[in-house]
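Okay, so here's the structure we're looking at.
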Ligand SMILES: Nc1ncnc2c1ncn2[C@@H]1O[C@H](COP(=O)(O)OP(=O)(O)OP(=O)(O)O)[C@@H](O)[C@H]1O
Ligand SMILES: Nc1ncnc2c1ncn2[C@@H]1O[C@H](COP(=O)(O)OP(=O)(O)OP(=O)(O)O)[C@@H](O)[C@H]1O
Ligand SMILES: [Mg+2]
Ligand SMILES: [Mg+2]
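Residue numbers (the working numbering), protein chains in the order written: chain X, 290 to 603; chain A, 3 to 265; chain E, 253 to 503; chain S, 253 to 503.
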């Protein structure tokens, strides 16, 4: 491996099958959407642009800088990609990067790739671009400050989602994994923020046209500002709460049955060495799982519809 | 400079190398899925899964322990699995206090922890095998046939192609920075962390601009050869009887493996 | 601007410009930079001409017009047919443009896919595509490289493949932008031999005056968006004043 | 390997190698490629030597050793001090390495920041840094470019700035990797004049044999990781067999 690891590429078997499948569904629906959006805005030029940009993000992750005691920081890139290419293209670019990391370097698993793309590609692009879009008319220093915050928050959001997924899979207690992941990523996020701000200010200085009016980056809907704000608010409110009282959250999740569905389904398809294929638990888990999947898919499609309608208005 | 270290493909003449890439991709995914479905503590099934993998190694003429050797560096995430130890209820085996929090390790937790590690480790090995016996362009074709949207596979193809070009550029940039990272006797060298991060950001910005401008030139090269928004490719692969047979046989094996895991 | 030289050494080509005719081409980049100021040029069947001039003279800009990547004011005819937006695809199959950096030209993972890209997009049948690829690789003597990955090739090899990617489209005119830049003497020599043997009209921009002297009977000199001389290479190289004014050197 | 040539034309440099002494340097890339096979070389104060050889000879690899970016087996002394891991940062302030492509060298947004990188990293005071930058830019005659964006300069200008970025570190030895590649004749001429005037020892790798003839009294020929000749440029250029075997050409 030629770049330092960030503990965020989930390998296979660290998420339950159900969480993996839900991750794939959310990711697939979002990507469908991103593809049709970029098709419209970039046209025939999209393929070379996004292909080379994906290679750029991958290569940029290898530019590290010495931080403390022999460790080094480097870019994750979701926020940067979304800020310079627009949110949809940014998502596609990050998806390609994460897919190649998993396929070629076993950095992140294949069955859990949907969740990895969601955490490191989709949500980071959405947060990064959303906050930046809100600052569009502001002065340069303010813009850069917000970009830094957005980059930091994109890393924290990804860490948060990763922890939740591992927890929902029944592979960690929230009170352990959440503070640990958030703590580590606070610093990784600062590195991300510094590099992203410096890179964007370099681009503002040398090719302002790429970020100004009429650029790809400016073409996405203003409603992104709301998306960004909402996610930011959710993360900022949720993380301290969850960290302060993880047991509470856990109880709620158990009461609502989330953990049961997410964690146990694959292990109970043929429960406890009894003769398979009938048994009550088996059927109820499957049914619960299917319902869960349908609900998530429906919500995603509805959100998608909503975005589409809104953003087609000027 | 020439940066080829990204190539995971191992040129060999073998039955597995000649298999249709779709077959290899599907078997890999099924194998990993099957791992995920095995219950905790299904040691015998896991052992069989490992034998399946060893057999695949041998059939690929890579040497029986090829994937084993290459998988050791690919498991840094194992650290997180440690949390499993404290998160599974069962008969307590060991407990301790850190910062007045009580941590309990149960017998079930240990079984779970070891199972997850082994499953994950087998899955990683299978993925390593897949890219060692399939050239990446063929793998991209396989993804196309498996209905991954063409736009994504094309972006991935471009990513693969330009990765080598851009990584070379990154290496040269890093070398340029290193070559000028000097110190003088009696002076504290290195600058502050913000300055260093800023330099890194500038290098990133520099790389971005060059990549962006290159994508323009690549687009020009594409339209001068007739590109108008649609990509056409020849299908270089054809499923042969041997491919179907291998696919069916492997699926059967994986199914048996699942049954063993439940007995 | 020392346009005076045009008359002193100018030999109008003898033909009517049956391969290429450019008349009064003007072009301004979106940022307002005037890159071409009325360029006129004719090329005939079998012509092999060098295009020389200092950095920023407009050589690459002119070349990008010849297969319709840029659109300026003025007229361009290829093989007697006017270049318009409608017949662009056909024009592109007649004009093969090779960029300076082969990494910009070779965008597919494998050599075969890259050389097949043009013919495939022309809508040929699979058998035709394969035949075209085979003969293009044969022409640059790279048949053995068909299944290689582009990023494993040396610069010299990449350059040959880049030329094959346009040869496979059977162009009647080859446009090469600084083909010898960055090659070592051996690879450069093999490129020169290749270009000498290819039986196609070509216009080649270069800073390599030794190659110009050796390979091209005719030289076109550009500076500041204009053609300032167009004559036999021997005459151009003998005109020391002309070379000096336009930042060129005798090999 | 025609190592026989070493004896026939070899003139050992007269000095003890007070600027640079390399003894028996071997290097293998991580992928197993043997790039250097026992290279020995001496440079003396005021020496200006060309390093020539075909693509892949190991020229760039050797140069990367001279300021400790790569570490091979063998001994390297700079200004009489052995290069070790400990004194690397100090060695780097003595050896100025300029890469072939100025775009790889210039990573800061403005010219000033780039030229100031070395001195700033060395921990000099602000006044010192400014003085160093001013005199480095003066040396390459680019003072007026201080606040320009590197990105928008021409290749020739970028090349000069790239040289300034190492001059600002006051090196006692300048290592240039293919400095004239991609320059038009005018820019190349101005680079040659600049190198001639700089009063620093230098080792310059190049494929540009005409520049070698014009600028460097001494030429070192490398091939396949070995130094196969090291002699007066005149003698090397007269030895047609040697040139032919190592894929070189007389200018
Ligand atoms: N995309 C662009 N936008 C604005 N100006 C441009 C652009 N591309 C080139 N130019 C300018 O147009 C002029 C002609 O450029 P062109 O690339 O055609 O020169 P050239 O003769 O090919 O030079 P070289 O020998 O360096 O390749 C130059 O002054 C250049 O700065
Ligand atoms: N990072 C690398 N990994 C493996 N092999 C390499 C690497 N860089 C260079 N090589 C190989 O080492 C040999 C020497 O390369 P080097 O770049 O030193 O040649 P060079 O003389 O500078 O050639 P050129 O004239 O093309 O610049 C070549 O065969 C090259 O392929
Ligand atoms: Mg040009
Ligand atoms: Mg070199």
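Built from N, CA and C at the ideal position, the CB exists for glycine as well. Note that the structure is predicted; figures quoted are calculated from it, not measured.
With a threshold of 8 Å, are at least 3 pairs of Cβ atoms found where one atom belongs to the stretch 288–305 of chain S and the other to the stretch 471–486 of chain S?
A contact exists between the stretch 288–305 of chain S and the stretch 471–486 of chain S.
Cβ-based contacts, 8 Å cut-off: residues of the stretch 187–206 of chain A near chain S: Listed in sequence order: 187, 189, 190, 191, 192, 193, 197, 201, 204, 205.
*Rounded to whole angstroms, how far is the Cβ of residue 412 of chain E from the Cβ of residue 392 of chain E, which I believe are closer than 8 Å?*
Residue 412 of chain E to residue 392 of chain E, Cβ: 4 Å. Contact.
* To do: Enumerate in chain order the residues of its own chain whose CB-to-CB distance from residue 273 of chain S is below 6 Å, with the five nearest sequence positions on each side excluded.
  => Closer than 6 Å at the Cβ level, and outside the excluded window around residue 273 of chain S, lie 294, 329.
**Prompt:** Grouping DSSP H, G and I as helix and E and B as strand, with all else coil, what is residue 425 of chain S?
**Reply:** In the displayed model, residue 425 of chain S falls within a strand according to three-state DSSP.
(Q) Measuring straight from C-alpha to C-alpha, what distance separates residue 378 of chain X and residue 324 of chain X? (A) Residue 378 of chain X and residue 324 of chain X: Cα-Cα distance of roughly 8 Å.
Taking buried to mean at least 16 other C-beta atoms within 10 Å of its own C-beta, is residue 374 of chain S buried or exposed?
Under this definition residue 374 of chain S is a buried residue.
- Item | Buried versus exposed call for residue 495 of chain S [16 or more other C-beta atoms within 10 Å across all chains shown] | Counting Cβ neighbours within 10 Å, residue 495 of chain S comes out buried, since at least 16 surround it.
What residue from A:264, A:181, A:258, A:220 has the CA that sits closest to residue 319 of chain S's CA? Taking only the C-alpha atoms, the option nearest residue 319 of chain S is A:181.
Task: C-alpha gap between residue 388 of chain X and residue 160 of chain A, whole angstroms - done: So the alpha carbons of these two residues sit roughly 13 Å apart.
Task: Chain-ordered neighbours of residue 361 of chain S on chain X, where CB pairs are closer than 7 Å - done: Contact annotation for residue 361 of chain S against chain X: 491, 494, 495 [CB-CB distance below 7 Å, chain order].
| task | Check each residue of the stretch 437–470 of chain E: if its Cβ is closer than 9 Å to any Cβ of chain S, include it; give the result in chain order. | result | Listed by position, the residues of the stretch 437–470 of chain E near chain S (Cβ gap below 9 Å) are 437, 438, 439, 440, 441, 459, 461, 462.
| Given that a residue counts as buried once 16 or more other Cβ atoms are within 10 Å of its Cβ, and exposed if not, what is residue 564 of chain X? | In this prediction, residue 564 of chain X scores a pLDDT of 32, lower than 50, which makes its location untrustworthy; no coordinate-derived value is stated.
For residue 338 of chain S, which option in A:198, A:184, A:150, A:169 has the closest C-alpha, if you only look at C-alpha atoms?
-> Between residue 338 of chain S and the set A:198, A:184, A:150, A:169, the nearest pair of CA atoms involves A:184.
Exercise. On the DSSP bridge assignment, give the partners of residue 289 of chain E in chain order.
Key: Paired residues: E:278.
For residue 204 of chain A, three-class secondary structure by DSSP:
For residue 204 of chain A, the secondary structure class from DSSP, reduced to helix, strand or coil, is helix.
Check: In whole angstroms, what separates the C-alpha of residue 301 of chain X from that of residue 73 of chain A?
Finding: Looking at the two C-alpha atoms, the distance is approximately 13 Å.
- Give the single residue among A:149, A:207, A:227 whose Cα lies nearest to the Cα of residue 355 of chain S. Comparing Cα-Cα distances from residue 355 of chain S to each of A:149, A:207, A:227, the minimum goes to A:207.
CB contact below 8 Å: residue 323 of chain S versus chain X: Interface residue (Cβ-Cβ distance to chain X less than 8 Å): residue 323 of chain S is not classified as such.
Q. Since residue 381 of chain E meets chain A, which of its residues come closer than 8 Å, beta carbon to beta carbon?
A. Chain A residues near residue 381 of chain E: 236.
For residue 253 of chain S, which of helix, strand or coil comes out of DSSP?
-> Because the pLDDT of residue 253 of chain S is 37, which lies under 50, any placement of that residue in the model is unreliable, and the number read from its coordinates should be weighed accordingly. Residue 253 of chain S: coil per DSSP, three-state reduction.
>> Residues in the same chain with beta-carbon distance under 8 Å from residue 340 of chain X, minus the five sequence neighbours each way, listed in chain order, please.
In response: In chain order, 385 place their CB closer than 8 Å to the CB of residue 340 of chain X, counting only its own chain and leaving out the 5 sequence neighbours on each side.
* Asked: Counting only runs that start and end within the stretch 378–458 of chain E, where is the beta strand (DSSP E) found for 3 or more residues in a row?
  -> Entirely contained in the stretch 378–458 of chain E, the beta strand (DSSP E) runs reaching 3 residues are, in chain order, 425–429, 453–457.
Backbone CA spacing between residue 335 of chain S and residue 431 of chain S [nearest angstrom]
Cα to Cα, residue 335 of chain S sits roughly 25 Å from residue 431 of chain S.
With a Cβ-Cβ cutoff of 8 Å, do residue 134 of chain A and residue 400 of chain X count as a contact? No, the pair does not count as a contact, with Cβ atoms beyond the cut-off.
inquiry  = I need the straight-line Cα distance from residue 499 of chain X to residue 373 of chain X, nearest angstrom please.
reply    = Each residue's Cα considered, the two are about 7 Å apart.
Checklist entry - Taking 7 Å as the cut-off, is the CB of residue 312 of chain S close to at least one heavy atom of ligand 4? => result Of the heavy atoms belonging to ligand 4, at least one sits nearer than 7 Å to the Cβ of residue 312 of chain S.
Legend entry - Close-in-space but distant-in-sequence residues of the same chain around residue 448 of chain X (CB under 7 Å, 5 per side omitted): Excluding residues within five positions, the ones whose Cβ falls inside 7 Å are 297, 470, 471, 474.
Does the distance from the CB of residue 382 of chain X to the CB of residue 436 of chain X come in under 8 Å? Going by C-beta atoms, residue 382 of chain X is not nearer than 8 Å to residue 436 of chain X.
When we look at the beta-carbon of residue 187 of chain A and count the other beta-carbons within 10 Å, is it buried (16 or more) or exposed? Around the beta carbon of residue 187 of chain A, fewer than 16 other beta carbons lie within 10 angstroms, which makes this residue exposed.
Q: Would you decide whether residue 366 of chain X is buried or exposed? Buried here means 16 or more other CB atoms lie within 10 Å of its CB.
A: When all chains shown are included, residue 366 of chain X counts as buried.
> residue 327 of chain E lies in the beta strand (DSSP E); which residues open and close that run?
Replying inline: Per DSSP, residue 327 of chain E belongs to the beta strand (DSSP E) from 325–330.
query: Sorted by chain position, which residues of the same chain lie with C-beta nearer than 7 Å to residue 267 of chain A's C-beta, five sequence neighbours on each side aside?
result: The displayed coordinates of chain A run from 3 to 265. Any statement about residue 267 of chain A would go beyond what the structure contains.
What number of angstroms, rounded off, separates the C-alpha of residue 201 of chain A from the C-alpha of residue 70 of chain A?
Their Cα atoms are separated by approximately 40 Å.
State the start and end residues of the unbroken beta strand (DSSP E) segment that holds residue 483 of chain E. Residue range 478–484 is occupied by the beta strand (DSSP E) that includes residue 483 of chain E.
Practice task
Taking only the alpha-carbon atoms, compute the straight-line gap between residue 19 of chain A and residue 251 of chain A and give it to the nearest angstrom.
Solution key: Between the alpha carbons of residue 19 of chain A and residue 251 of chain A lies a distance of about 17 Å.
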